[in-house]
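Numbering (my numbering), first residue to last: 3 to 247.
Here a beta-carbon is modelled for each residue, glycine too, at the ideal position from N, C-alpha and C.
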């Protein structure tokens, strides 16, 4: 006999997160439930994530966004955002299924946030999810990542450009990518990396890419440690060559 899937309800979402030491409001839980509904429905037709059940998606993938929201509100990170002269512009490269971006925006609506995705079906999914959730100042850029900075980053807009990615590139290559494509735009730039290894253990790679680490945090999910690292570009006018291979 096939076990009936647990319904996606506000109470079910809040209870499951509470079991992991995470608290969200009823409104936030309702938005998370709505996102999980549209994601699991699309996932039956388009392979967006490897997990099938919403409980697995929440426990292994969406949970990262709660830790990320707390990291962005931590003193060293929030302080950097506050000193940049305006609300941040967040560029989420390789947004895919909207993780971490969509759950993050439910919890952390600061500034402007752009989900960058080159694959057409995934971009359509992201647009549908955003339309259902009505997240403020959150949009989709459907196109190549290399084209996004020039299209999205205005030299007249104040505030930090915060680039993040879950799995677009390994973190050393992501640092090089951002330096190459945003380093000459004359804007304060930072990178937020989500990794399974600890970038601080390789300071040479960070420095050689032209960055310094401003803040870091570690947390556990399903018995494994994950890391959040915030890097600041040393010289915003310096663009480094990028080798994708």
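Identify the residues that DSSP records as bridge partners of residue 219: which are they?
230
Looking at residue 233 and residue 193, is the spacing between their C-beta atoms short of 8 Å?
yes
Go ahead and label residue 185 buried or exposed: buried means 16 or more other beta carbons lie within 10 angstroms of its beta carbon, across all protein chains shown.
buried
Could you please give the first and the last residue of the uninterrupted alpha helix (DSSP H) stretch that includes residue 10?
Per DSSP, residue 10 belongs to no alpha helix (DSSP H) and is neither H nor E.
Note down, in chain order, each residue of its chain lying with its Cβ closer than 8 Å to the Cβ of residue 75, except the 5 sequence neighbours on either side.
Here the set comprises 110.
Could you name each continuous alpha helix (DSSP H) segment of 4 residues or more that falls completely within the region 165 to 195, going from the start of the chain to the end?
173 to 184
Given this structure, state the Cα-to-Cα distance separating residue 236 from residue 181, to the nearest angstrom.
10 Å
Just tell me which of 209, 51, 104 and 50 has its CA closest to the CA of residue 248.
Residue 248 lies beyond the stretch modelled for the chain, which goes from 3 to 247, so this question has no answer here.
Write down the C-beta distance between residue 141 and residue 107 rounded to the nearest angstrom, noting that I regard them as a contact closer than 8 Å.
11 Å between Cβ atoms; not a contact.
Can you give me the start and stop residues for the beta strand (DSSP E) that residue 119 sits inside?
For residue 119, the enclosing beta strand (DSSP E) stretches over residues 114 to 119.
From what residue to what residue does the alpha helix (DSSP H) around residue 38 run?
28 to 45
May I ask you to report which of helix, strand or coil DSSP gives residue 20?
helix
Specify, as a first and last residue, the run of the alpha helix (DSSP H) that residue 206 falls within.
It spans 205 to 210 - the alpha helix (DSSP H) in which residue 206 sits, taken as one unbroken run.
Quick one, which of 206, 170, 217 and 69 has its alpha-carbon nearest residue 22's?
69
Do residue 78 and residue 220 have their C-beta atoms within less than 8 Å of each other?
no
For residue 190 and residue 163, which I take to be in contact (beta-carbon distance under 8 Å), what is that distance rounded to the nearest angstrom?
7 Å
Applying the 10 Å Cβ sphere with the 16-neighbour rule, what's the burial state of residue 98?
buried
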